[in-house]
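If you're matching positions, the sequence shown starts at 219 in our numbering and goes up one per residue. A virtual CB, placed ideally from N, CA and C, is assigned to each residue, including glycine. These numbers were taken from a predicted model, which means no experiment stands behind them. Following: one structure in structure tokens, then a few remarks.
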Amino acid sequence: MSTLKNKYRYRTAAVLGGGPSLPSDLAKLPAGCLLIAVNYHAFYYCEPEYMVYNDTPETNPLQLKAVQEHRAVHVSPEPTSDVIFDVDVWTGFFSSNTAAWFALWLGCDPVIL
Numbered sequence: 219m220s221t222l223k224n225k226y227r228y229r230t231a232a233v234l235g236g237g238p239s240l241p242s243d244l245a246k247l248p249a250g251c252l253l254i255a256v257n258y259h260a261f262y263y264c265e266p267e268y269m270v271y272n273d274t275p276e277t278n279p280l281q282l283k284a285v286q287e288h289r290a291v292h293v294s295p296e297p298t299s300d301v302i303f304d305v306d307v308w309t310g311f312f313s314s315n316t317a318a319w320f321a322l323w324l325g326c327d328p329v330i331l
């Protein structure tokens with residue numbers, strides 16, 4: 219995690235949840251926007267660069283499938299993470315909390331939720 223600090227400074231990022239508006243919201247994002255998926259939902263509509271999740275993938279077959287099959291960088295406190303949490307990370311209660319914190323850690327500005 220420490221090596222990612224400000225990696226995308228001033229680049230726009232979008233934290234993509236699983237709400238029904240996701241397909242139409244994607245069309246409104248600016249070109250070059252860094253896409254950060256919360257769990258697996260966004261993979262139905264786009265290819266996010268990062269996937270953030272707090273839960274153990276084995277507890278949800280769809281999450282496990284996404285972790286196994288998608289090439290996004292996995293960001294999680296779980297052992298399946300591609301990123302080692304070597305700094306204090308605010309995970310909040312939901313994966314979306316961690317994803318928003320992660321976008322800010324990357325230096326993204328603005329961060330679109």
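Is it right to say leucine 253 is buried, meaning 16 or more other beta carbons lie within 10 angstroms of its own, or is it exposed?
As a working mapping, residue 253 is identified with position 35 in the sequence shown. It is buried - the Cβ of leucine 253 has at least 16 other Cβ atoms within 10 Å.
Coil, strand or helix - valine 285 by DSSP:
For this step, residue 285 is matched to residue 67 along the sequence shown. Of the three classes helix, strand and coil, the one that applies to valine 285 here is helix, per DSSP.
Just the Cα atoms here: how many angstroms apart are tyrosine 272 and valine 307?
To locate residue 272, count along the sequence shown from 1; it is residue 54. To locate residue 307, count along the sequence shown from 1; it is residue 89. Inspection of the sequence shows that residue 272 is occupied by asparagine rather than by tyrosine. Rounded to whole angstroms, asparagine 272 and valine 307 show a C-alpha spacing of 11 Å.
Give the DSSP-derived three-state secondary structure of tyrosine 271 in the structure shown.
Numbered from 1 along the sequence shown, position 53 holds the residue referred to as residue 271. Residue state for tyrosine 271 is assigned as coil, using DSSP reduced to three classes.
Count the other CB atoms, across all protein chains shown, that sit within 10 Å of the CB of threonine 221; report buried if there are 16 or more and exposed otherwise.
Within the sequence shown, numbered from 1, the residue matching residue 221 stands at position 3. Exposed: under 16 other Cβ atoms inside 10 Å.
For the alpha helix (DSSP H) containing alanine 290, list its first residue and its last residue.
Residue 290 sits at position 72 when you count from the first residue of the sequence shown. Element bounds for alanine 290: n/a, residue is neither H nor E.
Sheet register partners of isoleucine 330 (DSSP bridge)
Here residue 330 corresponds to residue number 112 of the sequence shown, with the count starting at 1. Under DSSP, isoleucine 330 forms a beta bridge with Ala232.
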